[in-house]
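One structure is given below, encoded as structure tokens.
Residue numbers (the numbering used here): 750 to 1208.
Written as structure tokens, this is what we have:
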């Protein structure tokens, strides 16, 4: 079946308006939120049901072409872009919240449901879906599952895999299966655990049964202001070592603070070297004691001021600054490469020194904001993508940051995934035998290698 025949068949499946084949229409799908382009898809399809997804996958299999699943396109690893053409399956039309069971604290949702929409629907029941990536106003549950997304509150609540009980999946041959289940300890292999974080290389998630958690009775949000990143990093280690596990523990450095405050007006001190944004949640009568312990630990490490949000509006504004930090950087540079590397918490001071040294040596401005509580760093490398020399410097600096994280006992990615961006860096972390085991697992699910080829595992 040639391309024209495939396009005709796809239009029969989903309707003319949901098939894009003109280069001017498909060009917007050659990249995700990472400043890295792959190749133009041959055709973009927007199915409206799991049955249509399955039919699209069967048509692509008959045509011998690859299938690349995509949600809202907010990914930061190039995981949802084609490397060499193929059928791009966009799942945003699968956007129904099928049910919310407040007694069981479960939601049955399609893959295209936006995080923020699910939380809005769960809030009247006093519930929420805990994974909260920075793009949650646009990101989808299916994308969360594909990348095992985290977010600021994963320190206390865990990442996506801790909140997905079961998933409906379209396999490479177009068959539709369920993995996992509502039972907390189902017998057999944990196929759900294998699927979460597999970035669309094992199957296409079309629906999920997800766990909801209770909204906290109360919360305290603190802003601890430091003269530098290193004392703030030491405070992070002491907070966790003390036995206090905040709901969120975020850090923003001096460059980020100036840029964000100019854009959001969140009330951040523009003259600080770093701040910690710390949130504790729980029963109201213990919150003040937890907040007092955090204040004391921050003061021990030289915090010059520790503020507590006095109103819900002030709390929301502090979080708005953190959530919109990435977007704010775009006001000062055309290009931002958002790195993602994790180190043990006690190595944070050393890692931040290494990042500063890399910035000085390469001449690349680096703005840092990250999930300090679990050691998940997000150095943001600022550059002009029209300048080839600047782009090359960013590539070198990004690789140096990842290698530094590995040398300090960390990993090449904390939450963004591997995709195209870090595929070759998997060799830095895993042996040839490790990678071959991953390839065999992938072949068991997708013998012909047609699902999101070229991603995650080096070829």
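Glycine included, each C-beta is placed from N, C-alpha and C at the ideal position. What you are looking at is a predicted structure, and each value in this text was computed from that prediction instead of being measured.
Contact belief for residue i with residue j at Cβ below 8 Å, rounded distance in angstroms
i	j	result
residue 972	residue 1024	6 Å
residue 1089	residue 1165	4 Å
residue 769	residue 808	So it is not a contact: roughly 15 Å between Cβ atoms.
residue 763	residue 794	6 Å
residue 1022	residue 1052	With 8 Å as the limit, residue 1022 and residue 1052 do not qualify as a contact, their Cβ atoms being about 11 Å apart.
residue 819	residue 837	6 Å
residue 1150	residue 1128	6 Å
residue 1043	residue 993	6 Å
residue 1171	residue 826	6 Å
residue 954	residue 909	Between residue 909 and residue 954 the Cβ distance is about 11 Å, and since that is not below 8 Å, they are no contact.
residue 1112	residue 1142	6 Å
residue 781	residue 751	Wrong, their Cβ atoms sit about 28 Å apart, outside the cutoff.
residue 772	residue 759	Rounded, the Cβ-Cβ distance is 16 Å, inconsistent with contact.
residue 804	residue 925	In fact, because the Cβ distance is near 10 Å, the residues do not count as touching under 8 Å.
residue 1028	residue 968	6 Å
residue 1010	residue 1019	5 Å
residue 1081	residue 1131	7 Å
residue 871	residue 849	6 Å
residue 904	residue 997	6 Å
For residue i: DSSP bridge partner residues
i	result
residue 1187	BP columns for residue 1187 are empty, so no partner.
residue 1002	1023
residue 1195	For residue 1195, which the question treats as bridged, DSSP gives no partner whatsoever.
residue 884	Answer is none; residue 884 lacks a bridge partner.
residue 926	918
residue 913	959
residue 997	1028
residue 1160	1091
residue 1200	816
heavy atom of the ligand SAH below 8 Å from residue i C-beta
i	result
residue 942	Ligands displayed in this structure: none; no statement on the ligand SAH is therefore possible.
Environment of residue i [buried if 16+ CB atoms lie within 10 Å]
i	result
residue 995	buried
residue 1169	buried
residue 1196	exposed
residue 847	exposed
residue 888	buried
residue 1145	exposed
residue 912	buried
residue 791	buried
residue 1205	buried
residue 960	buried
residue 980	buried
residue 1079	exposed
residue 999	buried
residue 1094	buried
residue 869	exposed
residue 1199	buried
residue 801	buried
residue 757	exposed
residue 1180	exposed
residue 990	exposed
residue 928	buried
Test: residue i CB closer than 9 Å to a CB of chain C
i	result
residue 826	Any reference to chain C falls outside this structure, which holds one protein chain only.
| query | Which ranges would you report for the alpha helix (DSSP H) in the region 942–990 if only whole runs of at least 4 residues count? | reply | 978–990
| Are three or more beta carbon pairs between the region 918–934 and the region 962–969 nearer than 8 Å? | no
| query | With a cut-off of 8 Å, do at least 3 Cβ pairs link the region 942–951 to the region 1186–1194? | reply | yes
| said: Measuring CB atoms only, is the region 976–991 touching the region 885–894, in the sense that at least three cross pairs come out at less than 8 Å? | reply: no
| field | Contiguous beta strand (DSSP E) assignments of at least 3 residues, all confined to the region 1012–1094 | value | 1023–1031, 1054–1057, 1084–1087
| field | the region 932–949 in contact with the region 1152–1165 per 3-pair CB rule at 8 Å | value | no
| query | Does the region 1091–1107 come close enough to the region 1042–1050 to have 3 or more Cβ pairs within less than 8 Å? | reply | no
| field | Three CB pairs or more closer than 8 Å across the region 869–885 and the region 896–905 | value | The region 869–885 makes contact with the region 896–905: 3 or more CB pairs, one atom from each, lie closer than 8 Å.
| field | the region 1121–1132 in contact with the region 839–859 per 3-pair CB rule at 8 Å | value | no
| Residue ranges of each alpha helix (DSSP H) run of no fewer than 4 residues wholly in the region 767–814, ordered along the chain? | 772–775, 799–812
| Complete alpha helix (DSSP H) runs within the region 816–889 (minimum length 4 residues, chain order) | 864–871
| said: Could you tell me which whole beta strand (DSSP E) segments of length 3 or greater appear in the region 1097–1141? | reply: Whole beta strand (DSSP E) segments, 3+ residues: 1115–1119, 1128–1132.
| At least three beta-carbon pairs within less than 8 Å, the region 937–945 to the region 828–843 | no
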